[in-house]
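See structure below.
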Amino acid sequence: MATITSTMAGNLWKVLKNVGDTVEAGEEVAILESMKMEIPIEAESAGVVKQVQKNEGEFVNEGDVLFEIE
């Protein structure tokens with residue numbers, strides 16, 4: 290099982306994938322907002338979203354797990 294983690298601290302502005310969705314490597318799965326900038330979070334590998342760990346609007350730290358991919 291792979292994970293997708295936050296690349297920096299910020300607010301999880303938008304979750305683009307839900308449980309059961311298929312993702313491709315390089316596909317955007319979420320958008321962080323930090324210092325008034327939008328930072329896309331991309332999947333590093335292809336798979337199916339098994340679990341979404343954080344909700345829109347939550348503050349996340351660098352390295353926090355956002356998604357579990359199977």
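Each step along the sequence shown adds one to the number in the working numbering, with nothing skipped, and position 12 is 301. By construction, the Cβ of each residue, glycine as well, lies at the ideal position given by its N, Cα and C atoms. For clarity, every value in this text was computed on a predicted model and none was experimentally measured.
In this structure, M297 lies away from E359, with their beta-carbon atoms at least 9 Å apart.
The residue from V337, V338 and M326 with its alpha-carbon nearest to that of L301 is M326. The DSSP-derived three-state label of Q342 is coil. DSSP, read as helix, strand or coil, puts L301 in strand.
In this structure, G315 sits near E331, with a CB-CB distance shorter than 9 Å.
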